[in-house]
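To start, the structure under review is shown below, and the notes come after it.
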Amino acid sequence: MRIKLRIWRQAGPDAPGAMQTYQLDNVSEKMSFLEMLDMLNEQLTAQDIEPVAFDHDCREGICGMCGVVIDGSAHGRYNSAVPTTTCQLHMRSFADGAVIDVEPWRAGAFPVIKDLVVDRKAFDRVIQAGGYISVNTGSAPDAHATPAPKRQSEKAFDNATCIGCGACVAACPNGSGMLFTSAKITHLAMLPQGQPERALRVKAMVAAHDAAGFGGCTNIGECASVCPKQIPLASIGQLNRDLIASLFKGDGK
Amino acid sequence: MSATETRDAASSYFTVGAEIHDSKAPAGPIERKWQTRQFEAKLVNPANRRKLTVIMVGTGLAGGAAAATLGEAGYNVLNFCYQDSPRRAHSIAAQGGINAAKNYRNDNDSVQRLFYDTVKGGDYRARETNVYRLAEVSANIIDQCVAQGVPFAREYGGLLDTRSFGGVQVQRTFYARGQTGQQLLIGAYQALERQVKAGTVQMHTRHEMVELIVVDGRARGIVTRDMVTGAVEPWFGDAVVLATGGYGNVFFLSTNAMGCNVTANWRAHRKGAYFGNPCYTQIHPTCIPVHGDTQSKLTLMSESLRNDGRIWVPKQAEDCDKDPRQIPEQDRDYYLERIYPAFGNLVPRDIASRQAKNVCDEGRGVGPAVAEVDHDGNPRHVRRGVYLDFSDAIGRLGRDAVAARYGNLFDMYAQITGENPYETPMRIYPAVHYAMGGLWVDYDLMSSIPGLYVTGEANFSDHGANRLGASALMQGLSDGYFVLPNTINDYLASGPFPAIDPSHPEAAEAVESAQARIDRLLSVKGSRSVDSFHKELGTIMWEYCGMERNERGLMTAIEKIRDLRQQFWNDVKVTGRSQDLNQALERAGRLADFMELAELMCVDALHRRESCGGHFRSESQTEDGEALRHDDEFAYVAAWEYTGEGAKPILHREPLVYEFIELKQRSYK
Amino acid sequence: MAITGLILIAFLVMHMFGNLKMFIGAEAYNHYAEWLKGALESGGILEPLLPHGWFIWIFRAFMLACLILHIYCAAKVWAASLRGRGSRYVSVTRREQTVSARLMRWGGIALALLLIFHILMFTTKTIRPGFEASDDPYSMFVGAFGNWWVLAAYIVFMLVVCLHVRHGFWSAFTTLGGNVSPQARTILNALAYFVAALIFVGFMLPPVAVFLNLGVN
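Residue numbers (this note's numbering), protein chains in the order written: chain G, 50 to 302; chain F, 14 to 682; chain A, 3 to 219.
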C-alpha cells in the first residue's frame, strides 16, 4: 500500500501547530496503525527529521495510553468495522492510496504536549475526588461476607472496563468527560461495597470533572460511539440519577 | 568436548564469589515463619512515619499497591512512573486470573497445596520460605480487592466464581472475565489516587528513573528524567523500592508493553544490587505469530484455547503454503498429541512452546516467513506459526458453544489478523512473556543494597525457573499490599537517615553521570536508528537465548552482543534534543541497558548446565528429549554481582534448601 | 435546564391544544382566549381564587422566568463547551450527532428571535399583517395566516421549535436520570420524535387550514 499522511506537528504546548504531509510506501495491510507510524518514524529518522511523538504502550488495547483522532474520528472508529483502540486498528481498514488525517485529542482539559501527545492528568484528578472505595489495606472483611447480585455485578464490570483513554472527551463536541466519570460512578454504585460513599462520590467527582475544565454533557452520544470498551451512554444516565438522588442526602456539598 | 572443558568454557565468563544466605527468614516451622518475622520486625511509631520518605518506582500491582498501603500507614511516598498515568502499568494486560488458597470450592485446596504447586511449577528453583508466605497471604488479597470494588466474576448466589487454571487440579483461580489484571490494577490505582488526594503520596508521571543514589552504602534516592521537559533531577528518601516489572523486551518482540524496560533494575545492579537468575524467562505458547519485519509487539491469547483447540502442522513442508482446509487429515501432524498422548495439547507452557519451535525449525511452520538468523549467524527466512484448529470442537460442540467459551479471543484474533478463526484454523507461535529472574532479594524483599527493596516481577523471588498461570498477579499484590508494608518498617525504624541534598557528592555524581549518558547518546549522531539495533539484539537473544539454549550458541551470542553494543555506541542515531519530549532518546537509553543485561542473561544461561523450567539446555535432556535438572549441582539461585563495564561478573550462589518439599523430576508423557 | 425545558414543552403542548380549538369555531376559540386572560363576564381561569386578570400575568411571569433560566443555563453550558473542547479539529467526522443535537444552540438563538416576533405579532400586536389591533383573537389568526409569508415564517419557526424539542425532550429525560439502559434510550428517543412530530402537526394544522380555507368559517 501507498498512503499519504497528514499529521499534526506541534513542537510544544505553546508552540503553534500545523498539519504536515508525508508520503509512505510499502505499507502492509497487516500492520497496525501504530506500526505504520513506527515505520514513518524510521523513515523520518533516516531523513534527519524528528520523528512524530505519539503515546502508546501495551499495544493490545487495554492500557489506554494510545489514542489519536484519525480522519476526524477518535481511534479511527470511522474507519474501523468494530470498536477499537488506535493500537488495534490495522492498515487493512484503509484503502491503497488513502490520505489519512492524524490529529491529537483536542480538548481544553487535555492540553497538547507535543505532536500527538496530550496531557490527561485531568482524568486522575477526577478519580482522586472520589473514584474509589475507602478501605485501607488489611481492613477488608472476608470476600464472601457480602454477596453481590450477579446482574448488578455484571453491570459494574461493564463500566469497570473503561481504560481511561480519553476518546470520549476527544469525540465530544463539548469536550466533556462525563462518559469517563459516569463509568466509574456506575462501576462503584452497582456494588454493595460502593454504597456508603455513593452520594458523596457522585457530588465530588462531578465537581472535580467541572473544575478540571471539561465541558458539560448535552447527551449527544458521540462519546459512547467511539468508546473502545463500549461504555454505554446509559452510564451517564445513571450518573445523573445518582447526582439528583444525592441532592437529597446530607453527604458532601 | 568433555565435561571439564565445558565447565572451563563457561567459567571464563565469570568469577565465583562467596555464597549468600537469606538472613531474614526466621527459623522454625514454615507455617510460623511469617508471623514470627512480623513479630520480630522493628516498628515505626505512627507519629514518626510522616518524617520518613519512601521512593517508589512503578505503579503496577506491586508498586501501586505498596505506594497506596504505605501512604495509608502514614509514610511520605514519592511515586514515579514513565506512563502518563499510574493506571497504565503493564499489570493491566494480564488476562487469566489470580490464584488464592481460599478453598471456597471445598476441593482440598489449602495454603499448603498452593505452596506445593508453586514450588513444583517453578521446577524446584524457588525459595521455599517466600513461596509459603505468598500462599499464606493469597487469601487476604481477594478480600482486599473485593472490598475495593474489583468486580470479580460471581455466581447467581452473589458469591465469587473460581476456575481451574494452568494445569492444577483445584479451582482456585479468581477472575474478572479475560481482564483480571486490568481490574486488579484499577483497584490498586483507585487506592493510590485516594492517597494522592490525602497528600501522603506524591505522584510523578512521565518520569523515568535513570540512576540510583547510594550514600554510605544505603539506597537514598533516585535520579529521574522528566520525559516532558527532559530535566534530570535527584529525589531523596529513606528507602527506595523498585517495582518496575520484567525485562522481556530484551527480546524486542514480547508480550510486554512497548515501554517496559530494565533500566531502573540495571542501574541498581550497576550500583551493587545482585541480579538473580536472569536467564529464567517464560515463553508463552499461544501468541499471535509475527506478521512481518515491521511487527512491534506480540499479543498473547489465553492458553485456555488449548482446552478445545488442536495443534497441528502439515506433515510435509510442501503443504505449508496450502489453504489448511485443503490439507487432508492424513497429511496433518498433531504433534503434541503424537508425542505426549497422555496430556496432548495441554502439556505445560515450556513444552508446548519448544515443540512448536522444533516443527518450525524442520520447515513445517505455517504463515508468513520472517527474517531471522540461524544458529551459525546466517540470515534466513522461516515460517513461524502452527495451526490451532477448532474445527473439531465446532463440529462436536457447535459454533455457538465455542463462541460462548472463546468468543472474545476469536474476536481479538480476527481484529489483529483479519482472518476468521471460525472458518480457518488460527495460527499461533510462542512469545516471550514473563521474566522469572530479577534483582535478588531476601525474605524482606530487600536487595543486596541496604534500603533498596524490589517487589513484583522486578525481583527474582517466588516463581523459580517457571511461573504458573495466575500467579503473577498474586505475587505482585502480595508483595505490594501485604509483604513489603510489613517488612520495610524494620529498616525504616532506624531512620530518618541524615538529610541529603543535591549538592551531596554522591547525588551530584549520579545526576552528572545520568546526564552524561544522555548527552553521549545524543552525540553519537550515527547512521542507524535505535529500533534497528533493538531488533538485531532481539534476533540474537531469540535465537540463542530463547526457547532452547546450548553452549556454542550462548558463546556466539555473547560475542555478537558485545559487537552490537560497540556498534551501538559508535553508530546510533538519536534525533532531537535532551530538553524535550524525545521518544527516540528514551528508547536509546533503555536499549543501552538491555544490551548489558543481554550479555548477563547469556552468561547465566551458559553457566547453568541443566534444563529447568523456562531454561532448556539442549545438552541436558532425557533420552526422550525432555528437560533434565541437575539438583546436585544447580539447586541454587544465581545472584550476579556487577564489577564494571567489560569486567567479569561475580557469581554468588544462594543454595536452595528444601526442608518441606521433596524434589522430583516432572513427566508429562 | 432540563426542568425548565420540560416546562416549556408542556406549555407548547397546552398552547397547541388551545390553537386546535380554532376548529370548533370562532366563539369557542375567543372564549378560551378570554378565559385565559380572565376577561370573561363570569371571570376566567382560577377565579375567584385569584383576582380578576391576575392569572395571566402570573403565568406570563412564570414562563418568562423559565425561559430566562433556560437561556441562562444554556449560556453556561455553551461557555463550558467552548472552554472544554479546546482547539478545533482540522477534520471532524461525527457518528452519532443528530441534526437536532447539532442545532441546539444556533437553533435556540433563532428560536428566541422568532419567539419575539411571535409575541410582537399576536400578544402586543405591534406587527399586524392582515389584521387590526382591535380584532378578536380568532380574526387575528385568520387574518395573519391569510398571508403566505406569515405562514412560511411560521413553518420555519415550527421546524426550529420541533428540532429543538426533538433533542431537548430526550436530553432532558437523560439529564434527569431516565436513560439507564439501552431500552430506555430507544424509548426516550422514540418519544422525543413523537412529541416533536405531534407539536409540529398540532401547530401547523390551524394555519394551514386557514391558508387553504379548509374548515374555517
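Glycine included, C-beta positions come from ideal geometry on N, C-alpha and C.
- The alpha-carbon separation between F/E350 and F/V254 amounts to approximately 46 Å.
- Excluding sequence positions up to five before and after F/E149, its CB lies within less than 7 Å of the CB of W47, V124, all in the same chain and listed in chain order.
- The C-beta of G/T235 has 16 or more other C-beta atoms within 10 Å across all chains shown, which makes the residue buried.
- Per DSSP, the unbroken alpha helix (DSSP H) holding F/L598 starts and ends at 596-620.
- Rounded to the nearest whole angstrom, the C-alpha separation of F/R63 and F/N143 is 29 Å.
- About 28 Å separates the beta carbon of G/T70 from that of G/P277, a gap too long to meet the 8 Å contact definition.
- Per the Cβ contact rule, the region 586-597 of chain F is in contact with the region 230-244 of chain F (3 or more Cβ pairs under 8 Å).
- Counting along the chain, the unbroken alpha helix (DSSP H) around F/I154 starts and ends at 141-161.
- In the displayed model, F/F356 falls within coil according to three-state DSSP, outside both helix and strand.
- Of all residues in the region 207-237 of chain G, those with a C-beta nearer than 8 Å to a C-beta of chain F are A209, T210, I212, G213, H236, L237, reading in chain order.
- Within the same chain, Cβ atoms closer than 6 Å to the Cβ of F/I531 are found at S591, the five residues on either side in sequence being excluded.
- Within the region 50-129 of chain G, the complete beta strand (DSSP E) runs of at least 3 residues fall at 52-59, 66-73.
- Think of a sphere of 8 Å around the beta carbon of A/W172: the chain G residues whose beta carbon falls inside it are N268, in chain order.
- Here A/I111 has no same chain residue with a Cβ atom under 8 Å from its own Cβ, once five neighbours each way along the sequence are excluded.
- Every beta strand (DSSP E) stretch that sits fully inside the region 186-232 of chain F and reaches 3 residues is listed by chain position as 214-217, 220-228.
- Taken in chain order, the whole alpha helix (DSSP H) runs of length 4 or more contained in the region 371-438 of chain F are 404-410, 412-430.
- DSSP places F/V253 within a strand segment (E or B) once states are collapsed to three.
- Shown here, F/R176 sits in a strand according to DSSP, grouped into three states.
- When CB distances to chain G are screened at a threshold of 7 Å, the residues of the region 149-181 of chain A falling below it are W172, S173, T176, T177, L178, G179, G180, N181, in chain order.
- At a cut-off of 8 Å between beta-carbon atoms, G/I111 makes no contact with chain A.
- Under the 8 Å criterion on CB atoms, G/I280 is classed as non-interfacial with respect to chain A.
- At a cut-off of 8 Å between C-beta atoms, F/A270 counts as an interface residue with respect to chain G.
- For a Cβ distance threshold of 7 Å, residue set G86 of chain A lies close to G/F263, ordered along the chain.
- Closer than 8 Å to the CB of G/G121 there is at least one CB belonging to chain A.
- CA-CA distance, F/I553 to G/C112, rounds to 29 Å.
- With respect to chain F, the C-beta atom of G/I149 has no partner C-beta closer than 8 Å.
- A contact between stretches requires three or more CB pairs, one per stretch, nearer than 8 Å, and the region 448-466 of chain F fails this requirement with the region 306-317 of chain F.
- Interface flag for A/Y91 against chain G is set, since a Cβ pair is found closer than 8 Å.
- The contact set of A/V212 on chain G, defined by CB atoms closer than 7 Å, is empty, because the minimum CB distance reaches about 37 Å.
- With respect to chain G, the C-beta atom of A/T95 has a partner C-beta closer than 8 Å.
- For the pair F/L359 and F/M314, the Cα-to-Cα distance works out to about 15 Å.
- Chain-order list of chain G residues neighbouring F/K310: R108, by C-beta distance under 7 Å.
- Residue contact with chain G for A/V79: present (Cβ-Cβ distance below 8 Å to some residue of chain G).
- Between F/T294 and F/R319, the C-beta gap is not smaller than 8 Å, which leaves the two residues out of contact.
- DSSP places A/C68 inside the alpha helix (DSSP H), whose first and last residues are 56-87.
- In the DSSP assignment, F/N502 falls outside any beta strand (DSSP E) and lies within the alpha helix (DSSP H) extending over 497-505.
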